[in-house]
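J.: Before I ask anything, let me first share the structure, which is written out below as C-alpha cells.
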Amino acid sequence: MGTTVRLNSLPTIVLWFNPEAGAQESLSSIVQSIAGGLGTGLGRDLVTFDEAINALREYQAHIGPVGLILGWPEYALEYCHSLALALDSESRLLVISGSEVGKLSEFQLTSVDPDFLRLTAEEAVDEAANRIGIGAALQALEDCGGNYQEFCMRVYATQRHASAEPAQRATAASPPAHSSAPSLIIDSLLGRGMWVQALEWACMSAPERLLEVVDRAGDALFNLGEHAYFLGRLDALPNDVRNHADILFWRFAAACAIGQHSTLMPEVVRVLEKDAAPRLRAIAALAVPSKDTLSETSKALSALESPVTLRSHGYALGFHGDRETPLLMFEEAMRLADLAGADHLVVACGIDIAQMELTRGRYFESQGWARWALSEVDRRRVRDLPRRLSAIATLAFASILVGDLGTAQESLAEASVGDIVAGVPGLELLTSSKGDLHFLLDEYDAAEKLYRAQFNEAPRGFAAHTAVDLICLALAQGKILEAEKLAGIAYALSRTGSHQEEALGLLTRGIVLSWKASSAAEEVLSEAHRKLAMIGQAFHVARAAIWIAISRLNLRDVAGARSILLQNRQFLHALGHTGWKLLAANHPRLEELRGLYEASTNHIQLRLLGSRYMQTQDGQFQLSMRNSEILALLAANPSGLTAEKLHALQYGDAGDANRTKVAVSRLRKQLPISASPYRLETLFDADFIQVLSNLESGNVQDALDLYKGPLLADSDAPEVVRLRWHIEESLKQAVLRSGDPDAMIELGTLLEDDIEIWLAVRAILPQADFRQAAVTARIRRIRAEWNSP
C-alpha cells in the first residue's frame, strides 16, 4: 500500500509491505504509489517497475528531491533496495521495521527512536485518505495512541486488496522507458509550486504552454515579490510573444511594481488600440490617470470581470465621487482573488478599502482596514514589498489624521527610505506620509527633501497632487514667494489634468491667497471646495473647509468661519490634533480655529415635549418659555429664519422684530446662533423632531416612547401651537392605525381628554378584558366634563 505525505517539507511517497502479499501485489503497490506521488506530470501512465524507477530519477533530476518512507522493507528487500538506490543525495529515506538492524544493513541507516512518529488527527485522516473512511481513521488513531507504525498496520488490516487489474498491468511487457516531455515536467513543476522553474521550461522548451504558465505563475510570483525577475524574463521573449496582450499585462503589472511602467506605455497604447485586453486596459488606466480613466475601466470590466478589472473600475468610480459602489467592487475582487490564490491581490483589496474609507472621512475605519491588510501580508506570507509598503503608508496617514502619531511613527519605521521605489503607482502616499511625519515633528528640512523629491518625480497628471504638501510646508517656513510660485505651476498644469487635479490646482492657489489674507482667497477656495466635494475626497474637502475658515477669520468673520466648519463636520469630526496641524499647515490661527470648531460642536439635546430644558456637556439647564419657543422654531427650521420671520412665528402680528432680536442676542451667550438668518450652529437633537422623524419612518412605538407630553403645552406662539397640534394628530393617527390597544392606552393617558382614542380602545378590546371597565369609566368622565357648566 502507499500514499503521499510530507517528510521534512518534501513531497513524500509512503510504501508499506505486507508479509502475506505476493510479489505481484507488492509490485503493483509500488508502481501506483510512485505514480500518485509524482503527480500528473512525470507520474502519468506508469505501468512497470522500471518505468516507476526511471520516473523517480527524472523527477529528482529535473524538479527536486523527494522523501521516501518504506514500511517493513524486509518483505520486499529487492524492490526496496532498487528504490533506495534511485534516491539522490538530497532526497530523504525513512525506514520503519521491526526486524533486526542486521537484516537492513544494506540501507546504511541510522537508528532512531520510533516514538517521534506520532500522528495528529488531521495527519491520520490524510494518511488514510482513499483507503478507509474518516471515522475509521480516527478510531484507528485512538486505538494505537497516535503511533505512526501501528496506525499504518491497522489501516492496512482494514483496507481491501487492490484489484487484479493493476497487478496484471504491472507484469505486462515493458514498453520503452518513460519519456519526460517538457510539458510533463512543467505539470510537475506547477504542481509542486516551483513557479520560476516552470516558467523557464515553458520559455525555453514549450512555447505552446507559455500563456497558460505565465498566467498560473504570475500571481504566485507576485506573492513571492519576484517582480524584477518576472519582468526581465518576459522582456527576453521574442517581440511578437512579449507583446501579446496577456503577456504584456503581466509585463506592465510587474513594471508598475518596480516603477518602470512608463517605458512600456508606447507598447501598451499600440496593443490597446487593436485589442480589448481588459486586464491590461484596467491597470494602464489607473497607472496613468486621465479624464478617460472611468470609460477605460468600464470597457475593461464589461469585457472581463476579474479582481484586476473590478479593482480598477472601483478606483475610477471613487475618483468620480462614488463612495459606495467601489466598496462592493473591492469586496467582490477580494473574494475572487482569494479563490484564485492571488494573496497579493487579497491584500491589495484590503488596502483599497482602507484608502476608500480615507476618502469618505472614516479615518478610524481606514486605520482598521490598513492594519488588517498588514496582518494578512504576514499571515499569507506575501513577499510583495509594494503591497506591504502601501498598507504601511495608508495606516500611517490614517493614524496621522486621527492624532495617533505613535502608530504612524511605529509603522513608518518599518519602511526605510531605500524601500521607496520612485514611480511605483500607489507608493506616493508612503513618501508623503514620511514627509508628513517630519512636518508634524517640526523637522522641516527632512520633510522638504521628501516632498520635493516626490514633486519633481511626479508625472504631469500629479503635479497639483504632489504640490499641496510642498506649498503648505513652504508657508509654514515663511517662504511665501516660493509657495506662490509652486502654486502657480501646479494650477497651470492642473488645467489639463483629471477632475481631481483640477480641483487640487485651485486648492493650492487658494491656500496661498488665504495665507496672504487676500480677499480673493474665499472665492477660489470655495470653487475648489465645491469640486472636491463632488469628487468626495474627504481629507481634501476638510482641508479646503479649514482654509476657507482661515480666510474668514482673517476678515474677522467669526460666524462665517464657524459656519463653514460646521457644514463640513462630517469630514472634520474624526480629525485629531495632528490631522488639524497637517491640513492647516500649522497656521498661526490653528488653535483659534480648532477652539472655534470644538466650541461649536458641543452637542445639545432639547427636551420640549412635556418639559422645557436643554442638556449639554456641562449639564442640564431649564429654559424660559420664550427661549424654549425660539429654540423650538429654530430646530424646526434648520435652514435658518430672519429676525422678522422668527418674530412672526412667535408673536404673529404683535409687537416688532426688535423684541426678538434682543432675545436672540441674549440666547446667543448660551448657544452658537448665526446672524441673519438665525440658525443653530451646533449639533443638536430635539425630541419633537425625533418623534416626527420616527413617524415618517414607520417607527410608531419609538415615537410613542419619546412623546412625554404636548410640545410646550402653555405656549401660545402661533407656530408652536400649529406644531403641537400637528405632532399630536400625527402620533394619534399612527397609533390608531397600528391597532395596538396598549399603545392606544399609553397615548390616551398622555392626551387625557381625547375621547376618540378611548372609543377606539373600547372597540378593539375583548369584552372580557379587565381593562374594559377602566376605559369605559374614562369615556364617561370625559363626556361628563363636556356636559358640565
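Residue numbers (the working numbering): 39 to 827. Yeah, the Cβ is synthetic: ideal placement off N, Cα and C, and Gly gets one too.
Would you kindly report the start and end of the unbroken beta strand (DSSP E) that includes residue 109?
T.: Here residue 109 corresponds to residue number 71 of the sequence shown, with the count starting at 1. It spans 105–109 - the beta strand (DSSP E) in which residue 109 sits, taken as one unbroken run.
J.: With distances taken from CA atoms, which of 266, 792, 235 and 645 is nearest residue 251?
T.: Looking up residue 251 in the sequence shown gives position 213. Residue 251 has its Cα closest to that of 235, out of 266, 792, 235 and 645.
J.: How far does the alpha helix (DSSP H) with residue 658 in it extend, from its first residue to its last?
T.: In the sequence shown, the residue the question calls residue 658 occupies position 620. Per DSSP, residue 658 belongs to no alpha helix (DSSP H); it is in the beta strand (DSSP E), 657–660.
J.: Check for me: the alpha helix (DSSP H) holding residue 364 runs from which residue to which?
T.: The sequence position of residue 364 within the sequence shown is 326, counting from 1. Segment 363–378, the alpha helix (DSSP H) holding residue 364.
J.: Give me whichever residues DSSP pairs with residue 716 in a beta bridge.
T.: Numbered from 1 along the sequence shown, position 678 holds the residue referred to as residue 716. BP columns for residue 716 point to 679.
J.: By a C-beta neighbour count over all protein chains shown, 10 Å radius and 16 as the cutoff for buried, is residue 691 buried or exposed?
T.: Looking up residue 691 in the sequence shown gives position 653. Exposed, because fewer than 16 other Cβ atoms sit within 10 Å of the Cβ of residue 691.
J.: Curious, which full-length alpha helix (DSSP H) runs of at least 4 residues does the segment 443–492 contain?
T.: Runs of the alpha helix (DSSP H) inside the segment 443–492: 443–450 and 466–478.
J.: Helix, strand or coil: which one does DSSP assign to residue 218?
T.: As a first step, residue 218 must be located in the sequence shown, where it is residue number 180. Only weak support exists for where residue 218 lies, its pLDDT of 47 falling under 50; the coordinates are left without a value.
J.: Going along the chain, which residues of its own chain have a beta-carbon closer than 7 Å to the beta-carbon of residue 98, five neighbours each way excluded?
T.: As a working note, residue 98 is residue 60 in the sequence shown. Here the set comprises 104, 126 and 129.
J.: How is residue 576 classed by DSSP in three states: helix, strand or coil?
T.: In the sequence shown, the residue the question calls residue 576 occupies position 538. Note: residue 576 maps to helix in three-state DSSP.
J.: Does DSSP classify residue 213 as helix, strand or coil?
T.: For the purposes of this step, residue 213 is taken as the residue at position 175 of the sequence shown. In this prediction, residue 213 scores a pLDDT of 32, lower than 50, which makes its location untrustworthy; the coordinate-derived value is nonetheless stated afterwards. The answer is coil: DSSP assigns residue 213 none of H, G, I, E or B.
J.: Can the beta-carbon of residue 76 be found less than 8 Å from the beta-carbon of residue 93?
T.: Here residue 76 corresponds to residue number 38 of the sequence shown, with the count starting at 1. Here residue 93 corresponds to residue number 55 of the sequence shown, with the count starting at 1. The answer is yes: Cβ separation under 8 Å.
J.: Could you tell me which uninterrupted alpha helix (DSSP H) segments, each at least 4 residues in length, are contained entirely in the segment 540–605, listed from first to last along the chain?
T.: Runs of the alpha helix (DSSP H) inside the segment 540–605: 559–573, 576–592 and 596–605.
J.: What is the DSSP secondary structure of residue 623, reduced to helix, strand or coil?
T.: Within the sequence shown, the letter at position 585 stands for residue 623. Three-state result, residue 623: coil.
J.: Across which residues does DSSP place residue 54 in a beta bridge pair?
T.: For the purposes of this step, residue 54 is taken as the residue at position 16 of the sequence shown. In the DSSP output, where bridge partners are listed per residue, residue 54 has 109.
J.: Work out the CA separation of residue 400 and residue 362 for me, nearest whole Å.
T.: Walking along the sequence shown from the start, residue 362 turns up at place 324. Walking along the sequence shown from the start, residue 400 turns up at place 362. Their backbone Cα atoms lie some 13 Å apart in a straight line.
J.: Let me make sure I understand the geometry here. Which of 189, 266 and 712 has the alpha-carbon closest to that of residue 702?
T.: As a position in the sequence shown, residue 702 is number 664, starting the count at 1. It is 712.
J.: Helix, strand or coil: which one does DSSP assign to residue 639?
T.: One-based indexing of the sequence shown puts residue 639 at position 601. It is coil, neither helix nor strand.
J.: Let me know if residue 201 comes out buried or exposed under the rule of 16 or more other beta-carbons within 10 Å of its beta-carbon.
T.: Position 163 of the sequence shown, counting from 1, holds the residue named residue 201. In this prediction, residue 201 scores a pLDDT of 33, lower than 50, which makes its location untrustworthy; the coordinate-derived value is nonetheless stated afterwards. Exposed, since its Cβ has fewer than 16 Cβ neighbours within 10 Å.
J.: For residue 387, collect the residues of the same chain with a Cβ closer than 8 Å to its Cβ; drop the 5 residues on either side in sequence, then sort them by chain order.
T.: As a first step, residue 387 must be located in the sequence shown, where it is residue number 349. Excluding residues within five positions, the ones whose Cβ falls inside 8 Å are 345, 349, 368, 369, 371, 372 and 375.
J.: Between the C-alpha atoms of residue 803 and residue 810, what's the straight-line distance to the nearest angstrom?
T.: Taking the first residue of the sequence shown as 1, we reach residue 803 at position 765. Taking the first residue of the sequence shown as 1, we reach residue 810 at position 772. Distance between the alpha carbons of residue 803 and residue 810: 7 Å.
J.: Relative to the alpha-carbon of residue 512, which residue among 554, 87 and 533 has its alpha-carbon at the smallest distance?
T.: Looking up residue 512 in the sequence shown gives position 474. Ranking the options by Cα distance to residue 512, first place goes to 554.
J.: Given residue 204, which residues of its chain have a CB within under 8 Å of its CB, disregarding the five upstream and five downstream residues?
T.: On the sequence shown, residue 204 is found 166 positions in, with the first residue counted as 1. In this predicted model, residue 204 has a pLDDT of only 38, less than 50, meaning its place in the structure is not dependable enough to derive any value.
J.: Quick check: the segment 410–418 against the segment 588–607, are at least 3 beta-carbon pairs closer than 8 Å?
T.: Because the criterion of three Cβ pairs below 8 Å is not met, the segment 588–607 and the segment 410–418 do not touch.
J.: Where does residue 819 sit, in a helix, a strand or coil, going by DSSP?
T.: Mapped onto the sequence shown, residue 819 falls at position 781. The answer is helix: DSSP assigns residue 819 an H, G or I state.
J.: Among 689, 528, 794 and 725, whose alpha-carbon lies nearest the alpha-carbon of residue 747?
T.: Locating residue 747 in the sequence shown gives position 709, where the first residue counts as 1. Of 689, 528, 794 and 725, the residue nearest in Cα terms is 725.
J.: So the candidates are 73, 86, 508 and 48; which of them puts its Cα closest to the Cα of residue 62?
T.: Along the sequence shown, read from residue 1 onward, the residue named residue 62 stands at position 24. The residue with the shortest Cα to Cα distance from residue 62 is 86.
J.: Assuming contact is defined by CB atoms lying nearer than 8 Å, are residue 552 and residue 540 in contact in what I supplied?
T.: Along the sequence shown, read from residue 1 onward, the residue named residue 552 stands at position 514. Along the sequence shown, read from residue 1 onward, the residue named residue 540 stands at position 502. Contact: no.
J.: Which residues bound the beta strand (DSSP E) around residue 724?
T.: Mapped onto the sequence shown, residue 724 falls at position 686. Here the beta strand (DSSP E) through residue 724 covers 722–724.
J.: Which of the three DSSP states is assigned to residue 665 in this structure?
T.: Translated into positions along the sequence shown, residue 665 becomes position 627. Three-state result, residue 665: helix.
J.: From which residue to which residue does the beta strand (DSSP E) around residue 653 run?
T.: Translated into the one-based positions of the sequence shown, residue 653 becomes position 615. Counting along the chain, the beta strand (DSSP E) containing residue 653 begins and ends at 651–654.
J.: What would DSSP say about residue 200, mapped onto helix, strand or coil?
T.: Position 162 of the sequence shown holds residue 200. Legend: pLDDT at residue 200 = 32, less than 50; position of this residue unreliable, value from coordinates given subsequently. In this structure, residue 200 counts as coil in the three-state DSSP scheme.
J.: Please classify residue 156: does DSSP put it in a helix, a strand, or coil?
T.: One-based indexing of the sequence shown puts residue 156 at position 118. If DSSP states are grouped into helix, strand and coil, residue 156 belongs with the strands.
J.: Under the three-state reduction of DSSP, which class applies to residue 85: helix, strand or coil?
T.: Numbered from 1 along the sequence shown, position 47 holds the residue referred to as residue 85. Residue state, collapsed to three classes: coil.
J.: Suppose you measure from the CA of residue 651 to the CA of residue 661; what does that come to, to the nearest Å?
T.: Position 613 of the sequence shown, counting from 1, holds the residue named residue 651. Position 623 of the sequence shown, counting from 1, holds the residue named residue 661. Whole-angstrom Cα-Cα distance: 5 Å.
J.: Within a Cβ cutoff of 7 Å, which residues of the same chain sit near residue 745, ignoring the five residues on either side of it in sequence?
T.: Counted from its first residue, the sequence shown places residue 745 at position 707. Counting only Cβ-Cβ distances below 7 Å, and skipping sequence neighbours, we find 647, 729, 769 and 788.
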